[in-house]
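Trainee:
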Amino acid sequence: MNARTVAIIGAGPVGLAAAAHVLERGMSPIVIEAGPEAAHAIRQWQHVQLFSPWEYNVDKAAARLLAPTGWNSPDPHAYPTGGELIDRYLTPLATRTPLRETIRTSSRVTAISRVGFDRAKTKGREQAPFEIRYQNGGGPEMLRADAVIDASGTWFSPNPAGSNGLPAIGERERARRIAYGMPDVRGADRARYAGKTVVVLGAGHSAVGTLIDLAQLAGEVPGTRAIWLLRGTDPSKAFGGGSNDKLAARGALGSTFAALVAAGKIRVETGFGVTHLSETDGRLRISAGSCSGVVADELVVSTGFRPDLSFLSELRLRLDPAIEAPVALAPLIDPNEHSCGTVRPHGARELAHDEPDFYLAGMKSYGRAPTFLMMTGYEQVRSIVADIAGDKEAAARVELVLPETGVCTRGGVEAAGAGCCGGPAKAEPSACCAADETAKKEGRAGCGCS
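Per our numbering, the sequence shown runs over residues 166 to 615.
What follows is the structure, encoded as structure tokens:
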């Protein structure tokens, strides 16, 4: 066994699952959480219903840890909200199991290095323990560990409104009119959005969910208007796989959204690359280049997230230069190449870096890519912890079958037209569609995605 103490950054679902696996392997986890309690990031979107049912949201090692506490497993086919995920699973896991002794809350990691080694020094590096520095209410602290799993997520580092990856001109100055991610427009934030013209920028699930909520709010409060700003030119890409999606709630989300757009309940502006935010007559003007722009009361920026790598500067990471994911994982999830919501299960091999025993896991491992599923993170940490424990066979084994999306595109083209579906099986699994790869290997004609 190469490592006895494993530091885990983040006490979200994936971080807690990692700690459960570490305990099960007879090692010692230390979980460092920036928020005041476990699942701090999920508490920011607890009003949102997940599009995966309970059977995909509970890690197996975590469930085994919970079993002796008298925990009642939720209906595997029911769809929880973020709040229910916290109350019925994550809080019991963090407070009623041995994990409660391992979690250090209100502790923000500020830097990680090797004891006695900067990034440039090599000889003997692998034998040196990690030094993790963090800040809590008592001031700066430090701990040492034999391995590190960074599952800190990306929620608190959202992408800005600017289409070039930078904040739009005037974005910081207009912060009071801007929300990021997925605000609770029909609940806690209702007063902010009711009766207002609200622009939503983005094309992912957060944008879609927010626009659906705004359309429903418009039916309840006169004067509420939803405007969808889309950087691309094809709104249908946000509609998903519909009835072909194996996650029914995810397919229904896209179908509901498509119907609202078709009915004119949501105004759509395509090819809109935001460059400037300014004020006009007490309202917010959102402009794209030299165009006159769109005027609204509020802006919701749902353009995805990016990893915070600032505290990892002394570690030897191997990251894709475009999406900032581990280089072996990046081709499977690169949105420039495909928009398949299903990614081939992967683990320690794809997530390894040039820094032995250091791993990115969970949403942070996906860098700027938007296709992450919670169950993918559980499989990641199962494999990673096995690898840290020296069980290479278990680390290499795949123990997860992911549900298909019903959508499989590559290079912005439907997969069937791009050569993904049908034809001979490839020597290496592609990122396009796991079901189609299976169909190819079985010698079946047609497309396994459909």
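Each residue gets a CB set at the ideal place from its N, CA and C atoms; glycine is no exception.
Tell me where the beta strand (DSSP E) around residue 362 begins and ends.
Mentor: In the sequence shown, residue 362 corresponds to position 197, counting from 1. From DSSP, the beta strand (DSSP E) with residue 362 extends over 362-366.
Trainee: Ignoring anything shorter than 4 residues or poking outside the region 214-286, list the alpha helix (DSSP H) runs there in chain order.
Mentor: Qualifying alpha helix (DSSP H) stretches, in chain order: 225-231, 247-250, 256-260.
Trainee: Using the Cβ count rule (16 or more neighbours within 10 Å means buried), how would you classify residue 472?
Mentor: Locating residue 472 in the sequence shown gives position 307, where the first residue counts as 1. Buried, by the Cβ-count rule.
Trainee: Contact check, residue 549 vs residue 495 under 8 Å by CB: the rounded distance?
Mentor: Position 384 of the sequence shown holds residue 549. Position 330 of the sequence shown holds residue 495. Not really, about 17 Å apart at Cβ, beyond 8 Å.
Trainee: Buried or exposed: residue 566, going by 16 or more other Cβ atoms within 10 Å of its Cβ?
Mentor: Sequence index remark: in the sequence shown, residue 566 carries index 401 (1-based). Exposed, since its Cβ has fewer than 16 Cβ neighbours within 10 Å.
Trainee: Where are the beta strand (DSSP E) runs, 3 residues long or more, that stay fully inside the region 310-351, in chain order?
Mentor: List check, beta strand (DSSP E) in window: 312-315, 343-345.
Trainee: Could you check where the alpha helix (DSSP H) with residue 549 kicks off and where it finishes?
Mentor: By 1-based counting over the sequence shown, the position of residue 549 is 384. Segment 539-553, the alpha helix (DSSP H) holding residue 549.
Trainee: What residues match up with residue 564 in a beta bridge as DSSP calls it?
Mentor: Walking along the sequence shown from the start, residue 564 turns up at place 399. Bridge partners of residue 564: none, in fact.
Trainee: Which class does residue 171 belong to by DSSP, given the choice of helix, strand or coil?
Mentor: As a position in the sequence shown, residue 171 is number 6, starting the count at 1. Residue 171: strand per DSSP, three-state reduction.
Trainee: Only counting runs of 3 or more residues, tell me where the beta strand (DSSP E) segments fall wholly within the region 469-533, in order along the chain.
Mentor: 523-525
Trainee: Under the three-state reduction of DSSP, which class applies to residue 463: helix, strand or coil?
Mentor: Position 298 of the sequence shown, counted from the start, is the residue given in the question as residue 463. Looking at residue 463 - three-state DSSP - the assignment turns out to be strand.
Trainee: Just checking, does the region 287-303 make contact with the region 432-446 on the three C-beta pairs under 8 Å criterion?
Mentor: no
Trainee: Who are the Cβ neighbours of residue 520 in its own chain at under 6 Å, not counting the five residues just before and after it?
Mentor: On the sequence shown, position 355 is the one that residue 520 refers to. 480, 481, listed in sequence order.
Trainee: For residue 181 and residue 255, I'd like the C-alpha separation in whole angstroms.
Mentor: By one-based count along the sequence shown, residue 181 stands at place 16. By one-based count along the sequence shown, residue 255 stands at place 90. Residue 181 and residue 255: Cα-Cα distance of roughly 8 Å.
Trainee: Answer with buried or exposed for residue 331, where buried requires no fewer than 16 other C-beta atoms within 10 angstroms of its C-beta.
Mentor: Counting from one through the sequence shown, the residue named residue 331 turns up at place 166. Per the 10 Å Cβ criterion, exposed.
Trainee: So, is residue 486 buried or exposed, given that buried needs 16 or more other C-beta atoms within 10 angstroms?
Mentor: Translated into positions along the sequence shown, residue 486 becomes position 321. Classification for residue 486: exposed.
Trainee: So who's on the other strand from residue 449, going by DSSP bridges?
Mentor: For this step, residue 449 is matched to residue 284 along the sequence shown. Note: residue 449 sits in a beta bridge opposite 444, 461.
Trainee: Nearest by alpha-carbon distance to residue 545: which of 232, 310, 316 is it?
Mentor: Walking along the sequence shown from the start, residue 545 turns up at place 380. Checking every option, the nearest Cα to that of residue 545 belongs to 316.
Trainee: Under a Cβ-count criterion, where at least 16 other Cβ atoms within 10 Å of its own Cβ denotes burial, should residue 266 be classed as buried or exposed?
Mentor: Numbered from 1 along the sequence shown, position 101 holds the residue referred to as residue 266. Per the 10 Å Cβ criterion, exposed.
Trainee: Closer than 7 Å: is that where the CB of residue 238 sits relative to any heavy atom of the ligand MG?
Mentor: Of ligands this structure carries none, so the ligand MG is not represented either.
Trainee: Residues in the same chain with beta-carbon distance under 6 Å from residue 185, minus the five sequence neighbours each way, listed in chain order, please.
Mentor: If you number the sequence shown from 1, residue 185 lands on position 20. Same-chain partners within the cutoff: 226, 227, 230.
Trainee: Give the secondary structure of residue 436 by DSSP, where H, G and I count as helix, E and B as strand, and everything else as coil.
Mentor: What you label residue 436 is simply residue 271 of the sequence shown in a count that begins at 1. Residue 436 falls in the coil class under three-state DSSP.
Trainee: Kindly list the residues whose CB is nearer than 7 Å to the CB of residue 500, restricted to its own chain and excluding five residues on each side of it in sequence; keep chain order.
Mentor: For the purposes of this step, residue 500 is taken as residue 335 along the sequence shown, with counting starting at 1. Only 534, 535 meet the Cβ criterion.
Trainee: Residue 346 and residue 175: beta carbons closer than 8 Å?
Mentor: Locating residue 346 in the sequence shown gives position 181, where the first residue counts as 1. Locating residue 175 in the sequence shown gives position 10, where the first residue counts as 1. Not a contact, by the Cβ cut-off of 8 Å.
Trainee: Cutting at 6 Å between CB atoms, please list the residues of its own chain near residue 362, excluding the five before and the five after it.
Mentor: In the sequence shown, the residue the question calls residue 362 occupies position 197. Excluding residues within five positions, the ones whose Cβ falls inside 6 Å are 390, 461, 462.
Trainee: Hey, does residue 441 have any beta-carbon neighbour from chain B nearer than 8 Å?
Mentor: Within the model displayed, chain B is absent; a lone protein chain is all it includes.
Trainee: Between the region 415-425 and the region 397-404, are three or more C-beta pairs nearer than 8 Å?
Mentor: yes
Trainee: Determine which residues share a DSSP beta bridge with residue 308 and list them.
Mentor: Numbered from 1 along the sequence shown, position 143 holds the residue referred to as residue 308. Residue 308 pairs with 297.
Trainee: Figure out for me which residue from 509, 252, 523, 467 has the closest Cα to the Cα of residue 323.
Mentor: Here residue 323 refers to the residue found at position 158 of the sequence shown. The candidate whose alpha carbon is nearest that of residue 323 is 467.
Trainee: Pull the bridge partners of residue 196 from the DSSP assignment, please.
Mentor: Within the sequence shown, the letter at position 31 stands for residue 196. Per DSSP, 173, 268.
Trainee: According to DSSP, which residues form a beta bridge with residue 190?
Mentor: As a position in the sequence shown, residue 190 is number 25, starting the count at 1. Beta-bridge pairing links residue 190 to no other residue.
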